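So the sequence shown is numbered by my numbering: it starts at 3 and just counts up by one.
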Amino acid sequence: MVGVDEVDAGDKAKQKNAKGKAVQKDGKRWDWVSLLDAKTSDHPAIFTKDARFFFLPSGTSVHIHSASTGEVVSTLAAPHSPGKASKQRVTSLVLNPSNPFQLLVAHLDGNLRVWDFLDGVLLRTVEVGHGITHMCVNENLKDQVVVAVTEVGKKGSSDAHAKPQSVLYRVTLSTQTKTYISKLPIISYLAISHSAQHLVGTSGSTCHVVTLPAEGDASVLRCPSKDKITCLVFHPEEEWFATGDEIGTIKFWYCSSSAGQGTAQLHTASHLWHAHPVRSLTFTPNGAYLLSGGEEAVVVAWQLHSGLREFVPRVGGPIRWMSVRPAEGNGEEEWLAGLADRTLVWVNAGSLKVSRSVARVKLDISAPSSALPTSLPLAVHPITSNLLLPSSHPSFLQIYSHPNRSLITELEVHPSNRVSKPNPDASPLPTARVERVAISPQGNWMATIDVRRGGEELDLDVDRAVTRLKVWRWNGQRKEWELNTRVERPHGTGEVTSLAWMPEPPLGSGKAELGCLLATTGKDGNVKTWRARVGRGEEGEEEVAWINRSSFSYRAHVPQACAFSPDGSLLAVGQGPCVTLWDPKTNVMQRVLAGVATAVAEQVAFVGRDGRWVAVLESRPEGASGKRKVRRNVLVLWDLLSCTASWEYDLGICSAQVVPQPSGAFFAVFASTDSTPTPDRSTRAFLFNTASSRPFRIQKLSFKLQNTISYPLAPSTPGASELSFVGITKDMDVVLFGDSVGELEKRSPGVQKLGAAAPAARTLFQEVFGISALVDPDQEHGRPVVALDSALQKGDDSLFDGPAYMLPAMSTLFQPFMDSILKRRSAEPAAETIQQAPVEEAAPAPTKKRPDLPPRVVDQKEFETFVELFIELSHAPARPQPPSTPIANGNGKPRGKATNGSTPRSTRRTPAKVLEDVVMEVDLPTPTPRAEESGEETAPGLKSVVPRKRGRKSSL
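What follows is the structure in structure tokens.
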């Protein structure tokens, strides 16, 4: 998702700050890119007929994924309308039953779009008139689609209600007309039977069964249930459907053609296994199995004819939807599950095991914004440029490579259970949440803080927590983080308020022996530094562990933030209204920068190229709004040479964050307005330099940021700018924004042709014996798309092998085709020319370079040579049998039986021997040695038929 945010105040050219100075807004617009896919959709994947691709909605577009790899190979994007992105959201998609190469996409803006997904061409747009919420099709409804739209009745009318309702229509695609079916309360799910006689919509805990007669009005039957329905699916071959509810019960509802209107109870059958709400139900294509899934992260396969159950446990997370991939060629059927954290998991139907999975960037989307901590982990690894982000589970961190657009791995900071609660009525289990992460400037060490609130050992009524400090070491060979040290309660019962790493000092400096230091501040009022201690293990190997080096405090102030200077010579700590400066080597306080007595220094950062300046974000009391105290944020810049405040800037009532730039030329401040009677979901970005209190640039972003860091793009990238940031929004989205981001970021592939996107499936014979040399390699691996003129000029007539609707127009084909078979005659005969004998020149010396040989292709001549050889061998005369040696006993039988129970070698009869026992045709050559010895004469070429007795050998 890509967006553009304008300069703050748009048409205004200037803005006044707190001191009345004008701010010129000559900045460039900031583009932003979401690193996440669109919000998780419960819509299941739709597979193509050949099972090579599947479709998933993503915001206002549709992503086409490869069924073998799960990667996005193409995108179908609707025409963009400025300011209407939310109304263009995709709500449903199905394959056209009349044409399996067309995809029907329903949007919330009331448009039904028909796509040719092979070429990525929008064929037509059908305007329904109201926002489409659901859509379903059936093969018996030719060129028709059943849609559900949301309509609001006009007040005062006799046949309409003021509250919104779901209205069902039958839309004809060819004529773009709609026919009214029925009105229902706002429905959550919609499904149609295989015979197109029944249409079912669920609203809360009620199923509305609509009978669709061939003629006349439709009848509606209300079938109430006790619990809220969470999913719905129709059997692919019979007239009954299955539903799942919020208490984990699966019900089978059997439709009856004799049922009328009103309220009734259909015959049902209940099945129970899930302890949590059932989120997904789907049938296998033959209707023999019903697949169910939910928050237990288990796929349950119900065998309908026997009632037995089979399980696929630990798929990786709560299941939101499931689809069945039909068996392709000689392959096996697969089940595709979409998890709540946007992960795609394939399950082999034969082995009932997870075969592969594709993970994407995922955040804790299930947690409400009120339950999120004030600080979210966000960092950049300097060695690999990978981003460390919070994961879908609060105890994990995910490592994302933005240059490769791929999720590298997930780091389990604290072992936790994926199941949030034992049953729906129980309270969620307490889990540890990673709240802070910091990486050393060299990228060799990482520190994390995870907090677990509640538990068996703690009193749940008291606001206390268990805090753990963990130090991780980067393994350059294995390219992963390894846990080195774990510290329980580093600040006692108080929580950790900040982390900071000291840059490693130069070898020639006096602080070289300190190495790399870690500083932490806590609510216990102490500032602690940690160092690495090197020891020897039992076998003499080197062991490194982190220990507490020092602890100090300043009066009774609680430290809120800390930061090291660029050269590591100073440690600045925000303690109450003051900022204290400490020497990390001697732990001696150097200076105290005193601010307003009622203020609290919430953030401290060194800015500038040489670390001369310290930017302090102070929170000052403003008053009270009801029961909540209101505080204003003020940015104060301190000069360390004079130890005085150079200037300050009033940011107003907001939540702010200071983000210094790596180069130190300037720094940014992001301010998000707090909740007001009219919530403002935007963030203002102020860009300052140390010379002036007036920001030289102000930007306005259309989202509220919770944590932001500087993330320079690759310097080798043309057009890359230092003004680029990565932030986590209040809506749990990860965005990359800054100058030239929209031009450099091509996150998702555009519309691409799918004709040669995947190779053809190999047969079982090819898997065993390999690919035949007689097959055209282009035909085996998929012929690439070529230009029409060049293909016809080369005599390639395979363009006519495709379906008729995929061919170009006849006017386009005629002229290139005629030019390929007819040679154009010249207007005038060519003049006769006298050819002179070529002058013989010395041939150049042969080069030693071996020419590139073309790939070996078996032509027709070689093929005919093999045919003639096989014919010659098959018609060759039989070889004469050598004379047999007489056996001593004279009866032609072996002297004894075979000791191993098998037939003796002299009496084994092959198929050729059996034929010789009946009739033998022998060509008698002239003369034969045996005939000369016996004195018999035979004519040349004469054939004699010699009868044989069973068990006798020929004497010829």
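For glycine and all other residues, C-beta sits at the position ideal for the given N, C-alpha and C. Values in this document were obtained by computation on a predicted structure and should not be read as measured data.
Member of S408, L399, R475, S403 whose CA lies at the smallest distance from the CA of R438
By 1-based counting over the sequence shown, the position of residue 438 is 436. Of all alpha-carbon atoms in S408, L399, R475, S403, the one lying nearest the alpha-carbon of R438 is that of L399.
Complete runs of the beta strand (DSSP E) confined to the segment 545-578 [at least 3 residues]:
Scanning the segment 545-578 for uninterrupted beta strand (DSSP E) segments of 3 residues or longer gives 561-566, 573-577, listed from N- to C-terminal end.
In the DSSP output, which residue or residues are listed as bridge partners for S621?
Counted from its first residue, the sequence shown places residue 621 at position 619. According to DSSP, S621 bridges with V602, N635.
Indicate the three-state DSSP secondary structure (helix, strand or coil) for E874 in the structure shown.
Your numbering for residue 874 matches position 872 in the sequence shown. E874: helix per DSSP, three-state reduction.
Closer than 8 Å is the cut-off here; do at least three beta carbon pairs connect the segment 93-109 with the segment 69-76?
Fewer than three Cβ pairs drawn from the segment 93-109 and the segment 69-76 lie within less than 8 Å of each other, which leaves the two stretches out of contact.
DSSP bridge partner residues for S168 (one or two, in chain order)
In the sequence shown, the residue the question calls residue 168 occupies position 166. S168 is bridged to T152, L186.
With DSSP as the reference, please indicate the residues paired to K355 in a beta bridge.
As a first step, residue 355 must be located in the sequence shown, where it is residue number 353. Bridge partners of K355: N350.
How far does the beta strand (DSSP E) with E312 in it extend, from its first residue to its last?
Within the sequence shown, residue 312 is the residue found at index 310, counting from 1. Segment 311-314, the beta strand (DSSP E) holding E312.
Beta strand (DSSP E) containing S694: first to last residue?
In the sequence shown, residue 694 corresponds to position 692, counting from 1. Careful: S694 lies outside any beta strand (DSSP E) and carries neither H nor E.
Inter-residue Cα distance where the pair is A758 and F119:
Working through the sequence shown from its first residue, we reach residue 758 at position 756. Working through the sequence shown from its first residue, we reach residue 119 at position 117. In this prediction, A758 has a pLDDT of 48, which is less than 50 and means its spatial position is unreliable; nothing more can be read from the coordinates.
Residues near D343 in its chain [Cβ-Cβ closer than 6 Å; skip 5 each side]
Your numbering for residue 343 matches position 341 in the sequence shown. Closer than 6 Å at Cβ, skipping near neighbours: G319, K364, S394.
So, is E297 buried or exposed, given that buried needs 16 or more other C-beta atoms within 10 angstroms?
Reading the sequence shown from its first residue, position 295 is the one you call residue 297. By the neighbour-count criterion, in which a residue is buried when 16 or more other Cβ atoms sit within 10 angstroms of its Cβ, E297 is buried.
Would you call S272 buried or exposed, if buried means 16 or more other Cβ atoms sit within 10 Å of its Cβ?
Counting from 1 along the sequence shown, the entry for residue 272 is found at position 270. Under this definition S272 is an exposed residue.
For S176, does the three-state DSSP call read helix, strand or coil?
Against the sequence shown, residue 176 aligns to sequence position 174. Looking at S176 - three-state DSSP - the assignment turns out to be coil, as it is neither helix nor strand.
According to DSSP, simplified to helix, strand and coil, what is I249?
In the sequence shown, the residue the question calls residue 249 occupies position 247. If DSSP states are grouped into helix, strand and coil, I249 belongs with coil.
If you follow the beta strand (DSSP E) that F739 is part of, which residue opens it and which one closes it?
Translated into the one-based positions of the sequence shown, residue 739 becomes position 737. 736-740 is the span of the beta strand (DSSP E), which, as asked, contains F739.
In three-state DSSP terms, what is F119?
Numbered from its first residue, the sequence shown carries residue 119 at position 117. Assigned with DSSP and collapsed to three states, F119 falls in coil, not helix or strand.
Endpoints, the beta strand (DSSP E) within which R533 is located:
Position 531 of the sequence shown, counted from the first residue, corresponds to residue 533. Taken as a continuous stretch (DSSP letters only), the beta strand (DSSP E) holding R533 covers 529-538.
With distances taken from CA atoms, which of V536, K525, R316, I401 is nearest I549?
Locating residue 549 in the sequence shown gives position 547, where the first residue counts as 1. When V536, K525, R316, I401 are compared, the shortest CA-CA separation from I549 is found for V536.
Quick one: residues in its chain with C-beta nearer than 6 Å to the C-beta of R126, no 5 flanking neighbours on either side, listed in chain order?
For this step, residue 126 is matched to residue 124 along the sequence shown. Cβ neighbours of R126 beyond the five flanking positions: V116.
Taking the runs of the beta strand (DSSP E) that are 3 residues or longer, which of them lie wholly in the segment 276-306?
Runs of beta strand (DSSP E) with 3 or more residues, each lying fully within the segment 276-306, are found at 280-285, 291-296, 301-305, listed in chain order.
Compare the C-alpha of L110 against each of R634, V128, I134, Q104 and name the closest.
Taking the first residue of the sequence shown as 1, we reach residue 110 at position 108. For the residues R634, V128, I134, Q104, the minimum Cα distance to L110 belongs to I134.
Would you tell me roughly how many angstroms separate the C-alpha atoms of D461 and V468, rounded to the nearest one?
Here residue 461 corresponds to residue number 459 of the sequence shown, with the count starting at 1. Here residue 468 corresponds to residue number 466 of the sequence shown, with the count starting at 1. Low confidence applies to D461: its pLDDT is 44, below 50, so where it sits in the model is not reliable enough to give any reading.
Around the C-beta of H404, are 16 or more other C-beta atoms found within 10 angstroms, so that it is buried, or is it exposed?
Within the sequence shown, residue 404 is the residue found at index 402, counting from 1. By the neighbour-count rule (16 or more Cβ atoms within 10 Å), H404 is buried.
At the level of alpha carbons, what is the spacing between L390 and N288?
By 1-based counting over the sequence shown, the position of residue 390 is 388. By 1-based counting over the sequence shown, the position of residue 288 is 286. L390 and N288: Cα-Cα distance of roughly 45 Å.
I'd like to check one pair, L653 with A673: are the Cβ atoms closer than 8 Å?
Here residue 673 refers to the residue found at position 671 of the sequence shown. Here residue 653 refers to the residue found at position 651 of the sequence shown. Going by C-beta atoms, A673 is nearer than 8 Å to L653.
Report the rounded CA-to-CA distance for K180 versus K165, giving the unit in angstroms.
Against the sequence shown, residue 180 aligns to sequence position 178. Against the sequence shown, residue 165 aligns to sequence position 163. For K180 and K165, the distance between alpha carbons rounds to 23 Å.
Could you spell out where the beta strand (DSSP E) holding H493 opens and where it closes?
The residue given as residue 493 occupies position 491 in the sequence shown. That residue, H493, is in no beta strand (DSSP E); it is neither H nor E in DSSP.
Give me, in chain order, the residues of the same chain whose beta-carbon lies closer than 6 Å to that of I249; leave out the 5 immediate sequence neighbours on both sides.
What you label residue 249 is simply residue 247 of the sequence shown in a count that begins at 1. Around I249: D229.
Do G576 and Q605 have their beta-carbon atoms positioned less than 8 Å apart in this structure?
If you number the sequence shown from 1, residue 605 lands on position 603. If you number the sequence shown from 1, residue 576 lands on position 574. A contact, by the Cβ cut-off of 8 Å.
In three-state terms, what does DSSP make of I321?
For the purposes of this step, residue 321 is taken as the residue at position 319 of the sequence shown. If DSSP states are grouped into helix, strand and coil, I321 belongs with the strands.
Look up N98 in the DSSP assignment and give the residues it is bridged to.
Looking up residue 98 in the sequence shown gives position 96. BP columns for N98 point to N101.
Closer than 7 Å by C-beta to E624: which residues in its own chain qualify, once you throw out the five before and the five after it? Chain order, please.
Residue 624 sits at position 622 when you count from the first residue of the sequence shown. Exclusion of the five residues before and after E624 leaves V632, R633, R634, I655 as the residues of its chain whose Cβ lies within less than 7 Å of its Cβ.
Contact set for V169: own chain, Cβ-Cβ below 6 Å, skip 5 residues either direction:
Within the sequence shown, numbered from 1, the residue matching residue 169 stands at position 167. Answer for V169: V151, E153, K185, listed in chain order.
Would you call the CB atoms of R488 and R470 closer than 8 Å?
In the sequence shown, the residue the question calls residue 488 occupies position 486. In the sequence shown, the residue the question calls residue 470 occupies position 468. A contact, by the Cβ cut-off of 8 Å.
Measuring CA to CA, which of K525, R551, L293, P586 is closest to P561?
Counted from its first residue, the sequence shown places residue 561 at position 559. Selection K525, R551, L293, P586 evaluated against P561 yields K525 as nearest (Cα-Cα).
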